[in-house]
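Novice: Got a structure here, written out as structure tokens. Questions coming.
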Amino acid sequence: MRTLRRMGLSDVECVSLLQWACPRLGLEWRGFRRVRKQVCKRIARRMEALELMTVANYRERLLSVPAEWDELAAACRVTISRFYRDRVLFDALRFRFLPELARCAVEDGRGLRCWSAGCCSGEEPYTLALILRLEVARQAPGLTFAIVATDADPVVLERARRACYPSSALTELPKDWTSTAFRREQGEWRLRAEYREGVCLVEQDLRAALPAGPFDLILCRNLVYTYFAESWRRTLTQAFAERLRRGGLLVLGKGEELPELLGFAQVDRRLPIFRRSSPS
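Right, here's the structure in full:
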């Protein structure tokens with residue numbers, strides 16, 4: 344926290360700044376309470392780069408330089424992820440829901456399409472690819488799949504393209520998957536090229552553009568329903584419904600809820616998984 348003190352950005356001041364700025368960014372302050380230290384450190388570094396000594400100075404810059412809001416929005420992107428994050432959820436996808444979706448796709452003579460919204464450094468879409476290749480494909484012969492992975496942050500997307508991760512990012516993966524799908528490279532674990540096939544990484548802000556459907560599965564975890572304002576949550580819930588096949592699944596993060604269940608039914612009250620039930 345040395346940088347925060349040097350720049351005169353205390354925790355109280357940073358919270359006040361976020362509470363003032365979040366509505367202007369279409370964000371919900373409450374979502375940042377537990378992760379604010381990461382965001383506050385970035386804001387402090389930005390203030391230092393601009394040689395602004397107080398929060399008041401930074402507010403003045405935001406009000407006088409419209410482009411600075413883009414910098415602040417970038418600072419507010421939370422980049423916490425790892426493979427197989429939330430074991431209970433991914434086990435449910437691995438053993439129950441993805442085999443069901445895959446069999447339907449094969450029976451229909453088409454490929455399975457998935458979307459990882461807010462994919463960060465690639466851990467989530469690559470986890471899906473591993474499940475499909477190492478588990479589901481054996482139960483659905485002839486399965487092909489495509490995974491669209493979007494994020495607004497070009498820095499984390501570049502890490503996703505490199506596909507190199509510290510050991511801490513792999514701790515929740517089934518143990519034999521690490522040796523099968525990764526190789527050691529300069530102190531990190533790099534996902535082998537064949538397990539990255541089918542994953543398309545796209546720089547895209549959900550509030551500006553969305554990939555075209557239809558999808559069988561959409562994962563939007565720890566993003567829209569944690570950090571976005573209520574109006575955006577409603578708008579994007581409708582957009583997700585429009586991009587899902589009937590019977591397709593929308594997966595949220597642990598503890599997240601849909602603003603309304605219009606067009607969706609929760610498949611299991613213990614899991615944040617919702618099935619699209621409205622007509623196509």
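Each residue of the sequence shown is one higher than the one before, counting from 344 in the numbering used here. Every residue, glycine too, gets a C-beta built ideally from N, C-alpha and C. This one's a predicted model, so the numbers in the text were calculated from it and none came from an experiment.
#1: Which ranges does the alpha helix (DSSP H) cover as unbroken runs of at least 4 residues, wholly within the segment 392-424, from first to last along the chain?
#2: Quick check: what's the CA-CA separation for residue 354 versus residue 408?
#3: Is the distance from the Cβ of residue 513 to the Cβ of residue 433 below 9 Å?
#4: Starting from residue 448, follow the alpha helix (DSSP H) in both directions and report where the run begins and ends.
#5: Extract the residue ranges of the alpha helix (DSSP H) inside the segment 434-506, only unbroken runs of 4 or more that lie entirely within it.
#6: Based on Cα-Cα distance, which residue from 582, 374 and 464 lies nearest to residue 551?
#7: My output table needs one value for residue 604: the three-state DSSP class, helix, strand or coil.
#8: For residue 595, which three-state DSSP category applies?
#9: Pull up the distance between the alpha-carbon of residue 503 and that of residue 421, whole angstroms please.
#10: Is residue 543 helix, strand or coil when you go by DSSP?
#11: Would you identify the three-state DSSP class for residue 590, choosing helix, strand or coil?
#12: Under 9 Å between the Cβ atoms of residue 580 and residue 541?
#13: Rounded C-beta distance between residue 465 and residue 524? I'm assuming under 8 Å.
#14: For residue 558, list the residues DSSP reports as bridge partners.
#15: Using a threshold of 8 Å, is the CB atom of residue 471 nearer than that to any non-hydrogen atom of the ligand MG?
#16: In or out: residue 590 buried (at least 16 other Cβ within 10 Å) or exposed?
#17: Specify the secondary structure class of residue 432 as computed by DSSP and reduced to three states.
#18: Using 8 Å for Cβ pairs, my map puts residue 479 next to residue 442. What's the rounded Cβ distance?
#19: Measure how close the beta-carbons of residue 492 and residue 468 come, nearest whole angstrom, since I'm counting them as under 8 Å.
Specialist: Once the coordinates are examined:
#1: Listed in chain order, they are 398-407 and 411-418.
#2: Rounded to whole angstroms, residue 354 to residue 408 spans 24 Å at the Cα level.
#3: It is not a contact, given that the beta carbons lie outside the stated cut-off.
#4: From DSSP, the alpha helix (DSSP H) with residue 448 extends over 441-450.
#5: Runs of the alpha helix (DSSP H) lying entirely within the segment 434-506 and spanning at least 4 residues, in chain order: 441-450, 466-474 and 497-505.
#6: The option with the nearest alpha carbon to residue 551 is 582.
#7: Note: residue 604 maps to coil in three-state DSSP.
#8: Of the three classes helix, strand and coil, the one that applies to residue 595 here is coil, per DSSP.
#9: In a straight line, the C-alpha of residue 503 is about 15 Å away from that of residue 421.
#10: Three-state result, residue 543: strand.
#11: Strand, per DSSP.
#12: In this structure, residue 541 does not lie closer than 9 Å to residue 580 by Cβ.
#13: Wrong, their Cβ atoms sit about 13 Å apart, outside the cutoff.
#14: The bridge partners DSSP lists for residue 558 are 587.
#15: For the ligand MG, the structure offers nothing, since it holds no ligand at all.
#16: Residue 590 comes out exposed.
#17: Here residue 432 sits in helix by DSSP.
#18: At roughly 5 Å, the Cβ-Cβ gap stays under 8 Å, so residue 479 and residue 442 are in contact.
#19: Residue 492 to residue 468, Cβ: 4 Å. Contact.
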